[in-house]
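Numbering (the numbering used here), first residue to last: 897 to 1160.
Positions of the beta carbon are idealized from the N, C-alpha and C atoms, including for glycine.
Because the structure is a prediction, the values reported are computed rather than measured.
In what follows, a structure is listed as structure tokens, so that the remarks can point back to it.
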Amino acid sequence: MIETPDEPVIRIKGLTKSFGAHQVLKGIDLDVGKGQVIAVIGPSGSGKTTLLRCINFLEEYDGGSIRIDGVEVGYRDGGSGRRRRSDKELASIRVDAAMVFQQFNLFPHLTAAQNVMLGLMKSRGKSKGEARQIAEKWLVRVGLSEKLDALPAQLSGGQQQRVGIARAVAIEPKVLLLDEITSALDPELVGEVLEVVQELAAEGRTMILVTHEMAFAREVADRVVFTDQGLIAIDAPPKVVFDEQSNERLRAFLSRFAAFRHAH
Ligand SMILES: Nc1ncnc2c1ncn2[C@@H]1O[C@H](COP(=O)(O)OP(=O)(O)OP(=O)(O)O)[C@@H](O)[C@H]1O
Ligand SMILES: [Mg+2]
897 MIETPDEPVI
907 RIKGLTKSFG
917 AHQVLKGIDL
927 DVGKGQVIAV
937 IGPSGSGKTT
947 LLRCINFLEE
957 YDGGSIRIDG
967 VEVGYRDGGS
977 GRRRRSDKEL
987 ASIRVDAAMV
997 FQQFNLFPHL
1007 TAAQNVMLGL
1017 MKSRGKSKGE
1027 ARQIAEKWLV
1037 RVGLSEKLDA
1047 LPAQLSGGQQ
1057 QRVGIARAVA
1067 IEPKVLLLDE
1077 ITSALDPELV
1087 GEVLEVVQEL
1097 AAEGRTMILV
1107 THEMAFAREV
1117 ADRVVFTDQG
1127 LIAIDAPPKV
1137 VFDEQSNERL
1147 RAFLSRFAAF
1157 RHAH
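What follows is the structure, given as structure tokens:
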């Protein structure tokens, strides 16, 4: 694991999580420094989504620790003496780690602006007027100035996902968690969404993105994390991960992506 010089925004140690008898996360260690972009790649079922869901406590974890800016996410005190936090505490910690989902998860009965405003009013205590201003600012940033009052059903997938990103980033979380946010999109809509992510990365926002877009991971990530069978098998700069392909299972995984198939 690469150590980061400053106290990391996210520090995960020995994270374990089972569903019934199936242990999905078997001891994950991961530090993410401020402004770092981590791309998580790995086979289906290796626990990528579960890892992200644990970070903002959509999923309760069994063992180990997740700290955001030094604060344990789901529990008071680590280890065996831990107690689940109150819903109020959880709500305030969740604001620190905003998630963008593969299936957008917008509220269908709310307009683009209202979808963005909701979190600002509920989690950040903004007035309706302030929330509207911030929502407009972000929707303009993601190229949706014409669509402020459109309902999700009136938007393309790429536009809906840009609303999803605006909603997440508008609350100014400490880290953005992006889970295969282009996987549900038609190929011609992928670029407009990745462009927004690229801009957010360039302005120094901390993010963990699960992606199958290997070329994008290579371009945007500071580190690529390869998850395999519930563990982090590799955590290294993109160049190292993609050029050296040092591990047999990584090679097998990458061989499914034409651009990374080894010539020999
Ligand atoms: N709520 C749940 N109940 C039971 N099993 C679950 C649940 N959520 C996930 N799992 C199982 O945990 C494992 C890891 O799932 P996860 O969704 O984290 O994988 P992933 O790496 O995100 O896969 P993909 O690339 O397909 O999205 C899988 O075997 C999955 O079936
Ligand atoms: Mg997943």
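- One Cα belongs to Val1059, the other to Ile964, and the distance between them is close to 25 Å.
- A distance below 8 Å between beta-carbons, with the five flanking residues on each side excluded, links Glu1026 to the following residues of its chain, in chain order: Leu1016.
- Sequence-distant partners of Val933 (beyond 5 residues in either direction) whose C-beta falls short of 6 Å from its own C-beta, in its chain, are Ala1097, Met1103, Val1116, Ala1117, Asp1118.
- In this structure, the straight-line span from the alpha carbon of Gly1126 to that of Ser1023 is close to 43 Å.
- Taken atom to atom, the span from the alpha-carbon of Val1071 to that of Ile989 is near 11 Å.
- Runs of the beta strand (DSSP E) lying entirely within the segment 1064–1117, each at least 3 residues long, are 1071–1075, 1103–1106 in chain order.
- If the five residues before and after Leu1146 are omitted, its C-beta is found closer than 8 Å to the C-beta atoms of Phe1122, Asp1124, Ala1129, Ile1130, Val1137, all from its own chain and listed in chain order.
- Boundaries of the beta strand (DSSP E) around Lys909: 906–915.
- Ligand 2 approaches Val1106 closely enough that one of its heavy atoms is under 7 Å from the residue's Cβ.
- Arg1101 and Arg1152 have their alpha carbons spaced roughly 30 Å apart.
- Proximity annotation: ligand 1 has residues Phe915, Val920, Ser940, Gly941, Ser942, Gly943, Lys944, Thr945, Thr946 in chain order, each selected because its CB is closer than 5 Å to a heavy atom of the ligand.
- Rounded to the nearest whole angstrom, the C-alpha separation of Ala1064 and Gly916 is 31 Å.
- Here the segment 943–956 lies against the segment 1069–1087, with 3 or more beta-carbon pairs under 8 Å apart.
- With a threshold of 7 Å, the Cβ atom of Glu955 does not count as near ligand 2, since no heavy atom of the ligand is closer than that.
- DSSP places Ser1142 outside both helix and strand once states are collapsed to three, so it counts as coil.
- When the Cα atoms are used, Glu985 and Ser1142 turn out to be separated by approximately 42 Å.
- Boundaries for Gly923: no alpha helix (DSSP H) harbours it, while the beta strand (DSSP E) harbouring it runs 918–928, taken from the DSSP string.
- The beta carbon of Glu1144 sits no closer than 7 Å to any heavy atom of ligand 2.
- For Ala1111 against Val1120, the beta-carbon gap comes to about 12 Å, at or over 8 Å, which does not count as contact.
- The alpha-carbon separation between Arg979 and Glu903 amounts to approximately 25 Å.
- Fully enclosed beta strand (DSSP E) runs of no fewer than 3 residues occupy 993–996 of the segment 976–1026, in order along the chain.
- Of the candidates Leu926, Val936, Pro1048, Asp983, Leu926 places its Cα closest to the Cα of Val905.
- In the DSSP assignment, Gly959 is bridged to Thr912.
- Arg949: member of the alpha helix (DSSP H) spanning 944–951, first to last residue.
- Secondary structure at Ala1046: coil, using DSSP grouped into helix, strand and coil.
- Around the beta carbon of Glu1068, fewer than 16 other beta carbons lie within 10 angstroms, which makes this residue exposed.
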